[in-house]
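Numbering (my numbering), first residue to last: 192 to 736. Notes follow the structure.
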């Protein structure tokens with residue numbers, strides 16, 4: 192159950208279904224890849240090695256491609272040591288429950304922490320530099336039962352006598368917690384906890400399981416000539432070749448870094464869950480100081496998203512990167528983000544009872560502003576999953592304070608509601624595309640000023656409400672497009688109520704009305720510095736009411 196020092200110049204697989212514990216003095220000296228697993232059998236090409244089977248060792252050729260967990264409660268893996276493999280190799284910890292408090296290092300290679308619930312088979316494949324991992328339920332898990340019961344996590348720790356030494360404490364009531372932070376750790380299968388250091392310069396780090404937590408951790412995939420990739424809880428939009436977490440939690444003391452430190456593009460960081468994502472960490476995908484663009488960050492959930500703090504997507508010598516926020520619905524306002532004017536408001540602590548919140552997800556406007564200030568792109572996109580409305584709503588005024596041009600994309604499965612003003616000191620391209628309506632609901636004076644950035648609003652209907660003080664869309668030197676896509680008889684593509692004004696001052700820029708009926712009377716103005724007015728009557732004549 193406990194390993195100290197392992198030397199091998201080839202690939203090494205450590206298999207023990209009862210459980211594996213690496214103490215604080217544990218170390219690796221390997222020329223090849225390393226896998227520690229509590230599976231009861233491992234597949235190599237066409238051969239299979241079973242922990243309790245009669246094996247044909249001559250058939251065990253190549254890299255491991257699959258792991259079988261026939262027990263309903265697979266054994267746990269705890270690493271409190273220093274495990275490292277040679278550059279470009281793979282280091283994997285795959286068990287029923289996996290906790291790392293030590294150091295894992297695979298420079299330019301891949302680090303995998305994967306917690307697997309029982310009665311499942313894991314398939315692994317390498318696609319270029321990207322490691323793919325798929326989990327499938329065993330068709331007949333009782334066909335090869337283990338002759339013993341794997342150790343539960345508290346039993347593994349107390350039996351070794353190394354509980355405190357590896358930074359995991361077994362409490363008198365039988366619960367388990369991290370020693371330094373007192374964070375409680377659930378003990379059911381499928382829990383992956385990454386603490387300590389995970390170092391894969393320019394490579395890939397995957398932290399996967401049913402419930403995934405990153406606590407007091409440094410996850411570093413930065414490299415001189417291009418950042419690597421970090422995936423926590425799943426892949427892009429939850430659709431990639433790795434299993435999705437139900438709950439993903441990354442605490443405020445954790446740092447995830449996929450920068451290009453000298454030259455090249457920043458890497459990719461993806462946080463995903465099917466039910467709830469809680470992120471309070473520092474995320475960075477900066478481009479190189481000599482050249483290269485910022486990378487890509489996604490903080491998303493198919494359920495509830497609580498993300499506080501702006502990722503660093505900047506590029507000193509290139510174009511800023513992209514931050515994608517993708518929950519079922521979201522409010523944008525003052526909510527206690529890391530950059531909030533009200534100060535940071537801590538989220539819930541990680542525990543076995545942390546679940547999805549039934550409220551809409553929130554994005555603090557100060558965090559949004561900080562991300563845009565890198566001259567990058569922030570995309571807020573909602574999907575209708577039945578867990579939310581698909582709406583995006585501005586709950587407070589927003590001002591972009593950056594000095595470089597930036598882009599804010601809003602893509603909604605429902606409505607986009609501008610209940611408050613949007614202003615900018617530098618060019619802000621504002622793109623709003625809704626499957627439902629784009630609504631301007633302010634009851635008072637309402638203004639959108641993009642300081643030379645383009646404005647494009649597309650929806651089934653674009654509805655500019657009747658504010659008491661009037662409504663103004665001012666793009667400066669940018670274009671303005673209002674596009675109502677409804678073509679149904681009796682429907683209204685664009686509704687503009689009294690007292691509205693559109694202003695811009697570039698000679699060749701234009702105001703584009705597309706597919707509209709309109710029924711309202713009042714004061715409507717279109718101001719153009721050069722006196723030119725270009726209207727694109729695309730499908731129907733404009734009807735003033």
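Quick reminder that beta carbons are idealized off the backbone N, C-alpha and C, glycines included. Here the structure is a predicted model, which means the values were calculated and not measured.
Run of the beta strand (DSSP E) containing residue i, from where it starts to where it stops
i	result
residue 409	402-411
residue 554	552-555
residue 257	255-260
residue 445	It is not in any beta strand (DSSP E) - residue 445 carries neither H nor E in the DSSP assignment.
residue 582	Per DSSP, residue 582 belongs to no beta strand (DSSP E) and is neither H nor E.
residue 392	Careful: residue 392 lies outside any beta strand (DSSP E) and carries neither H nor E.
residue 213	211-221
residue 283	281-286
residue 623	619-625
residue 654	652-655
residue 489	487-491
residue 743	The structure shown does not extend to residue 743, since the chain is modelled only from 192 through 736, so no value can be given for it.
residue 275	273-275
residue 629	628-631
residue 428	Residue 428 -> no beta strand (DSSP E), and no H or E assigned at all.
residue 481	Here residue 481 belongs to no beta strand (DSSP E), and DSSP marks it neither H nor E.
residue 662	662-667
residue 203	203-206
residue 639	637-640
Burial state of residue i, where buried means 16 or more other Cβ atoms lie within 10 Å
i	result
residue 583	buried
residue 434	buried
residue 728	Low local confidence applies: a pLDDT of 35 at residue 728 is under 50, so the model's placement there is unreliable, and no value is given.
residue 400	buried
residue 340	exposed
residue 597	buried
residue 574	buried
residue 470	buried
residue 552	buried
residue 327	exposed
residue 457	buried
residue 362	exposed
residue 296	buried
residue 377	buried
residue 518	buried
residue 207	buried
residue 430	exposed
residue 522	buried
residue 243	exposed
residue 325	exposed
residue 236	exposed
residue 216	exposed
Beta-carbon proximity list for residue i, same chain, < 6 Å, skipping 5 on both sides
i	result
residue 283	226 and 303
residue 278	298 and 299
residue 622	600 and 647
residue 385	291, 304, 398, 405 and 408
residue 411	390 and 448
residue 323	316 and 432
residue 639	613 and 664
residue 475	448, 450 and 503
residue 542	375
residue 306	288, 289, 381, 382, 383 and 400
residue 602	572 and 624
residue 700	Its pLDDT being 47, under 50, residue 700 is placed unreliably in this model, and the value from its coordinates should be taken loosely. Excluding positions up to five away in sequence, the list reads 670.
residue 526	553 and 555
Those residues which DSSP pairs with residue i across a bridge
i	result
residue 149	Since the first residue shown for the chain is 192 and the last is 736, residue 149 is missing from the structure and cannot be characterised.
residue 313	258 and 326
residue 469	440 and 497
residue 572	602
residue 517	491
residue 597	619
residue 294	273 and 388
residue 238	235
Own chain residues within Cβ distance below 8 Å of residue i, not counting five before or after
i	result
residue 224	202, 203, 254, 276, 280, 281, 282, 283 and 300
residue 257	233, 234, 312, 313, 314 and 315
Sequence-distant residues of its chain with Cβ nearer than 7 Å to residue i (five each side left out)
i	result
residue 595	566 and 617
residue 642	615, 616, 617, 618, 619 and 667
residue 372	406 and 407
residue 631	609, 637, 654, 655, 656 and 662
residue 387	291, 292, 293, 294 and 408
Distance cut-off 7 Å: residue i Cβ against heavy atoms of the ligand COA
i	result
residue 513	With respect to the ligand COA, the structure shown offers nothing to examine, as it has no ligands at all.
Flag this pair as touching only if the region 410-419 and the region 500-508 have three or more C-beta atom pairs under 8 Å; answer yes or no. No, because fewer than three Cβ pairs between the region 410-419 and the region 500-508 fall closer than 8 Å, the two stretches do not touch.
Mind the definition here: the region 607-616 touches the region 586-596 only if three or more C-beta pairs lie below 8 Å; say whether that holds. yes
Any contact between the region 477-487 and the region 436-447? By contact I mean 3 or more CB pairs, one from each, below 8 Å. no
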